[in-house]
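For reference, the structure discussed in these notes is given below.
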Amino acid sequence: MKDGKYMYKTECRSYLEGSSRPASTLWVNMTNRGGKSAKTATGQKIVAIIPYIKQEINVIILFRALGFVSDRDILEHIIYDFDDQEMMELLKPSLDEAFVVQVIFLFLAD
1 MKDGKYMYKT
11 ECRSYLEGSS
21 RPASTLWVNM
31 TNRGGKSAKT
41 ATGQKIVAII
51 PYIKQEINVI
61 ILFRALGFVS
71 DRDILEHIIY
81 DFDDQEMMEL
91 LKPSLDEAFV
101 VQVIFLFLAD
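The numbering of the sequence shown is UniProt numbering, which starts it at 1 and goes up by one.
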């Protein structure tokens, strides 16, 4: 599905069988390229929208919050073939944005 803010949108619903709770929904979206010129273009980040969190979260930061610290650990759960340069290029803007979180996490771990 396409709209103005996102180039691609996905939706995943889950529910507990036998429960009266409504289904929980997770969205994973790829943003449109930010900026009109090459200097202001930020790249197409992949973001997640999860229940009870009002702001979209970079998927790499979400993986770090789940305990995957290194880029390689995260990429092993997203990409099956590290030789797939197209997929690696799609994830690069998200990795770049989340780099600061990795540095902070490693600093706090010491």
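In this text, a Cβ means the ideal position worked out from N, Cα and C, and glycines have one as well.
Cβ pair Val47, Thr25 closer than 8 Å
no
Suppose you measure from the CA of Asp90 to the CA of Ser19; what does that come to, to the nearest Å?
In the sequence under discussion, the amino acid at residue 90 is Leu, which differs from the Asp named in the question. For Leu90 and Ser19, the distance between alpha carbons rounds to 38 Å.
Can you tell me the Cα-Cα spacing of Met88 and Ile74, whole angstroms?
12 Å
Tell me, to the nearest whole angstrom, how far the beta carbon of Lys45 is from that of Glu97; I am working on the premise that it is less than 8 Å.
6 Å
Can you find the residues in the same chain that come closer than 8 Å, C-beta to C-beta, to Asp81, ignoring five residues on each side of it along the sequence?
Met87
Which residues mark the beginning and the end of the alpha helix (DSSP H) in which Glu76 is found?
Asp71 to Ile78
Between Ser94 and Ile50, how many whole angstroms is the CB-CB distance? I'm expecting something under 8 Å.
Between Ile50 and Ser94 the Cβ distance is about 16 Å, and since that is not below 8 Å, they are no contact.
How big is the Cα-Cα spacing for Gln85 and Asn58?
20 Å
CA nearest to the CA of Met7, picked from Val28, Ala23 and Leu16
Val28
Exposure of residue 170, with buried meaning 16 or more beta-carbon neighbours within 10 Å
As shown, the chain starts at 1 and ends at 110. That puts residue 170 outside it, with no answer to give.
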